[in-house]
Structures are given as structure tokens and as C-alpha cells.
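Numbering (the numbering used here), first residue to last: 24 to 340.
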């Protein structure tokens, strides 16, 4: 009996050691794939994650009391800083590849720069992108034009609203923006310079079709030339609205909440209210740069504000 007890104790102790060793293995703390596909009429839209960035929601907003921001965040199980996605969107027509925004690239440090890898993982090559549509010239939308010091999309034509191009490529305008926005001038120059030199930048005027099936809609306020892109294929429509929203929980509930990065806060608020009303009434798909990846969904009216309805996950779109 004593021998049996001793053997049992040894076996149990070995099991405890093995269990402890197993439990002590490091936690896995990385996410999976950074692309998601959505069928839009005859086109395929692929959301591409460039990274995430913390938004200090308790310091970011104007036009709304800080206590109200905190309360809205708490109601949505959030607190400041809110980790916001940096999303870009690839439109594949079957014969043409169009990328809307490029993420931050190297300009946000470890917070960005993953778009090219996710593009490749999705089955595409950067050199195959035909056109790039930039919603506005802030670092987290144009920074991905460069990678490792060279053009990330060597064969693409870059389409940018003339108002934004003229403003951000002119350093004399730096006095017109707050200090926190002044790095945008150097960022625009470094990202766009090689494309300008090679003749690959094509400015456009608002409210026209920039490439077949995609119409540019002027939405100034966040920047002088901030632009939405309405993608139409068959009966389906998708509105890529750039920086219309930074923290969805707050701005969908309170569309008048502006942010310190707005060039013209009143105009940005007006544009946001217009985007919300039109997208909700017409049932547009939304491609949102900073709503949680993949940033694809719809919005609906909810009382005095709006609510976000994310795309239902589809394994084979």
C-alpha cells in the first residue's frame, strides 16, 4: 500500500509540474489576417488594415463637453485612448485595381505600415495597382505611398483634389494651421515628391468621375480638399468617406462633435451631417477609414443620432 501511494504521489506531482509548465507558456497577443472582402455589384472591395492608432478621445473633441464624451465612451464599453483602425480599400473591377488611401506607411512608426503586406496576403501586388485615390493629405492616408524610401506603387496614377494638393504642398500655408498639423506639410512632400517628379500625380476638381465608376464628392472641412469617393457597381453603392468619423461611438451619437485636427470645424461638421443623412437614407455601404477594421458597414438613424451596422461576416463573398 505504501508503494502504491508513493507511485501515485509521484505521478500526480509530475502531472502538476507538466500542467504548470503548460500554463506558463506565453500568451499569444497578435491578431490574424488584415484583409476582408466585400462584393459590390460586379466589383470586389478588399478592406486593408494598415495599423491602429490611439485616439485620445478625452482631448480630441471640440463642440462637445468632455463629460459627455466620457459618458458615451462608457456606454460603449470604451475609454480613452480609443484604438482606431487605419483602413484603406482596394476596388477590383476585374480589369482595374483602384486603391482608396494608403494608410500611414512609415510615418506613424509601429502604428502603421502594414498595408503592403496585407495587400500581398490578399493576393495582389503593389505594382499592379493602377490608380490611387487620396481622400486628403494627412499622414495616415498618404504615408503608404512610400515604402523603404522608394515608391510603394510604382505604376499607379495618384489622384488628389487640387485644393488639398495646392494647400499641403505649399509650406507657406503652415501658419494657417495649428502646430499639431504642421508635420502634414513635410509628410505630403516626402510621400508625393517622387510621384510628382515622375508625372504620376493627377489633381482633380470636385464632383466629377475620377476613374470609371467612382465619383469624387467635395467634402471640405477636415482639410481644404477633403473628398469622399462614391463607388458604384450595378445597383450597389459604397461611400468611402475618409475622415468623416474618427471615433464612431462619439460622432455617430453626436455628429456636431468636431476634432482638433479639422481645418474648418464648422464645415467638417456640416459635411459629416450631410454624409450621415445621405448614407442612411440611400442605404449606401460605408468604407470608413477609422471605424474598427474592416470599416465596412451601413449607418441608420437612431434618435437624434445614428448607429453603425457592421458588415455581416461572409466567408466567401
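Backbone N, C-alpha and C define an ideal beta-carbon position, used for all residues, glycine too.
Here DSSP, grouped into helix, strand and coil, assigns residue 304 to helix.
As the crow flies, the alpha-carbon of residue 213 is around 28 Å from that of residue 290.
Distance from residue 295 to residue 267 at the Cβ level is roughly 5 Å; contact confirmed, criterion being Cβ atoms closer than 8 Å. Residue 156 is positioned such that its CB atom lies no closer than 8 Å to that of residue 219. Taking the Cα positions, residue 215 is about 46 Å away from residue 48. The way I'd put it, the stretch 293-311 does touch the stretch 322-337; three or more beta-carbon pairs between them come closer than 8 Å. Closest by C-alpha distance to residue 314, out of 82, 75, 178, 285, is 75. In chain order, 279, 281 place their CB closer than 6 Å to the CB of residue 292, counting only its own chain and leaving out the 5 sequence neighbours on each side. Bounds of the beta strand (DSSP E) holding residue 73 are 66-78.
In the structure shown, the three-state DSSP call for residue 55 is coil.
Note on geometry: alpha-carbon atoms of residue 176 and residue 204 lie some 26 Å from one another. The residues 103, 104, in chain order, have a CB closer than 7 Å to that of residue 79 in the same chain once the five nearest residues on each side in sequence are set aside. In the pairwise beta carbon analysis, the stretch 110-125 is classified as touching the stretch 160-168: at least three pairs are separated by under 8 Å. The beta carbon of residue 230 sits closer than 7 Å to those of 239, 240, 241, all from its chain and outside the five residues before and after it, given in chain order. It is roughly 11 Å from the alpha-carbon of residue 221 to the alpha-carbon of residue 179.
Between the alpha carbons of residue 183 and residue 338 lies a distance of about 34 Å. Judged by DSSP in its simplified three-state form, residue 110 adopts strand. Inter-segment contact for the stretch 124-135 and the stretch 63-75 is present: three or more beta-carbon pairs are separated by less than 8 Å.
Look at residue 232 here: in three-state DSSP terms it is strand. Contact check for residue 57 and residue 158: beta-carbon distance about 20 Å, past the 8 Å limit, so the pair fails to qualify. Annotation: the stretch 259-328 contains the following complete segments of the alpha helix (DSSP H) (minimum length 4 residues), in chain order: 271-276, 288-305. Taking 8 Å as the upper bound for CB-CB distance, residue 86 and residue 288 are in contact here, some 7 Å apart. Counting the other CB atoms within 10 Å of its CB gives residue 100 a total below 16, which places it among the exposed residues.
Inclusion of residue 53 and residue 160 in the CB contact set at 8 Å is not warranted, their separation being larger than that value. For residue 89, the enclosing alpha helix (DSSP H) starts and ends at 89-98. Restricting attention to alpha helix (DSSP H) runs no shorter than 4 residues, the stretch 137-190 encloses them at 138-144, 162-165, ordered along the chain. When secondary structure is reduced to three states using DSSP, residue 241 falls in the strand class.
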